[in-house]
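Contents: one structure, followed by commentary.
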Amino acid sequence: MIAIIDYGVGNLFSLEHSLMAVGAQVCVTGEERVLREADHVILPGVGAFGDAARKLRETRLDAVLKQIAASGTPVMGICLGMQLLLDISYEFGEHPGLGLIPGEVRPISDVIPAGLKIPHIGWNALRLTARRFSPDPALPHPIFKAVEPGDCVYFVHSFYGAKCADHVIATTEYGAPLTAAVAKDNVCGCQFHPEKSGDVGLRILKAFCEWDGEGA
Amino acid sequence: MITKRIIPCLDVKDGRVVKGVNFMGLADVSSPVSLAEYYSKCGADELVFYDITASAEGRGLFTDILRQTAERVFIPLTVGGGINSLEDFDRVLKCGADKVSVNSGAIRNPDLIPAAAERYGSQCVVISADVKRVDGAFRVFAKGGRENTGMEAVSWIVRCVENGAGEVVLNSMDTDGVKGGFDLEMLSAVCEAVNVPVIASGGAGCAEDFVKLFEALPRVDAGLAASIFHFGEVTIPDLKRALRERGINVR
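For the record, the sequence lines run as chains X and C.
Residue numbering for the first sequence follows our numbering, beginning at 1 and increasing consecutively.
Residue numbering for the second sequence follows our numbering, beginning at 1001 and increasing consecutively.
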């Protein structure tokens, strides 16, 4: 069973149905017991980092998720959910994240050329990065095992994961390379929306459902 | 770099797809759910559903159709038509819409865009403007193009963006249904005035019209059309091939 964490942030309709479309048994829940029993856990999120981090804390799901991650269960953060996995965000102030993957959330305006539209909205190509921590650096991260060079996914964001160093597993080009996905051990995160990225997105979700958290 | 988006638009009335020519004389085309699935498989980058029903039963049919589509089609869905309140935003977002486009509702109620942007985020709020030249000036029309509001279009769109709209659909009533190409002059005026994505609508008759659009106006992010796709005059794979051959970045 794959659990989508429901902590009162965003619309989970498409995510739930996209996982069902790849044959997963899905549960949208904020219940600690159900989350702990899940084989895979997804942290979704849209909106402002500060609000979402506060809601996770108020529901005490932040601590639960950290324990689930420490137990080896594969965890995926999506969009703001990916950003929440990092150490800290500088979106409207300073907000601590979950610290499951090293990195900071910074405005894309720090790195992209002036004149480009913000947010970065639309379909953009994934560039898979060589992974120094991987047993086989030539192989993509397991969630990207069915992604072909040039495959595009759907992005909507104004902030990005900075200083994620060797934990970046894919980038996308928007006047500058932006972090598209990150991973550390059994935890991964996508800045883009796999549930809105057509067949490529479904392949990524399917690969996540099949991933045992190893080999990353 | 980010790709140019191709967006088929489905006008839905009583649960069926229709497309007006210059907003008059509606002709039934097909089932919205199967058409949406077909477009997604063909490589459409996004879909727009416009609800042109006036009745409560029609509204209900529309949300059923939307839910069925969002259960099967995993590309961004924008919904418009009859959006007058935050409750309307809520109603369609719960059924799987990703973005909500407002038109007459924003004209009637100036607080709608700021309130929606605050609650759902700017990325969720699209201003859709029906614009027509009247005595040499661009004017905003309401009620599906039937009523001249007298407002100057570019300043209206700028104000909507300042109030929180994250994307603009510019529908030129002068070129809509004519199939003689997009309204480059009108689009250029809007692109120079805003720094959010602009979607061109109205006038596409062939693949070359999209090539001309993106070549002439690199700041346009997407091209939207309805009947040429519904009637198979242009297929999305052929259109994308034509764009790629001319060096325009598409998915």
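Glycine is no exception: its CB is placed at the ideal position from the N, C-alpha and C atoms.
Computed from a prediction, not measured in an experiment: that's the story for all the values here.
Residue i to residue j span [Cα, whole Å]
i	j	result
X:A181	X:C79	9 Å
X:R203	X:A125	15 Å
C:V1082	C:D1088	It is worth fixing the name first, because residue 1082 of chain C is Gly in this sequence and not Val. Approximately 8 Å between the Cα atoms of the pair.
X:P113	X:E32	43 Å
X:G97	C:G1136	54 Å
X:R36	X:G198	30 Å
C:N1151	C:V1211	The sequence given here has Met at residue 1151 of chain C, not Asn. When rounded, the distance between both Cα atoms is 31 Å.
X:I88	X:V28	26 Å
X:E214	X:L100	16 Å
C:G1177	C:L1213	16 Å
C:K1094	C:G1145	28 Å
X:L139	X:A130	8 Å
C:I1248	C:F1231	25 Å
X:F144	C:A1106	42 Å
X:V200	C:P1110	39 Å
Residue i - DSSP class collapsed to helix/strand/coil
i	result
X:A216	coil
X:T29	strand
X:S71	coil
C:E1167	strand
C:A1117	helix
X:L178	strand
C:P1032	helix
X:Y160	strand
Expected contact under 8 Å - CB spacing of residue i and residue j to nearest Å
i	j	result
X:E16	X:V26	5 Å
C:G1096	X:S14	6 Å
C:I1075	C:I1199	Going by Cβ atoms, the distance from C:I1075 to C:I1199 rounds to 15 Å, so no, they are not a contact pair.
Neighbour flag for residue i against chain X, beta carbons, 8 Å
i	result
C:I1002	yes
C:L1093	yes
C:G1121	yes
C:P1197	yes
C:G1005	Looking at the sequence itself, residue 1005 of chain C is Arg, so the reference to Gly does not match. Cβ-Cβ to chain X under 8 Å: yes for C:R1005.
C:N1022	Low local confidence applies: a pLDDT of 38 at C:N1022 is under 50, so the model's placement there is unreliable, with the coordinate-based value given in what follows. So no, C:N1022 is outside the interface.
C:E1071	yes
C:R1241	no
C:R1251	yes
C:P1237	no
C:F1074	yes
C:G1223	no
Within-8 Å CB hit, residue i to chain D
i	result
X:H95	Of the chains in the structure shown, none is chain D; the protein chains are X and C.
is_contact[residue i, chain C] using C-beta, thresh 8 Å
i	result
X:K117	yes
X:A180	no
X:A170	no
X:F13	yes
X:K55	no
X:V34	no
For the 8 Å Cβ check, are there 3 or more pairs between the segment 1212-1226 of chain C and the segment 185-193 of chain X? no
At least three beta-carbon pairs within less than 8 Å, the segment 1228-1243 of chain C to the segment 1039-1053 of chain C: yes
Three or more C-beta pairs closer than 8 Å, one from the segment 41-55 of chain X and one from the segment 82-102 of chain X: is that the case here? yes
Should the segment 1161-1168 of chain C be called in touch with the segment 1191-1201 of chain C, which here means at least 3 C-beta pairs below 8 Å? yes
I'd like to know if the segment 1062-1071 of chain C and the segment 1103-1115 of chain C are in contact, where contact means that at least 3 CB-CB pairs between them fall below 8 Å. no
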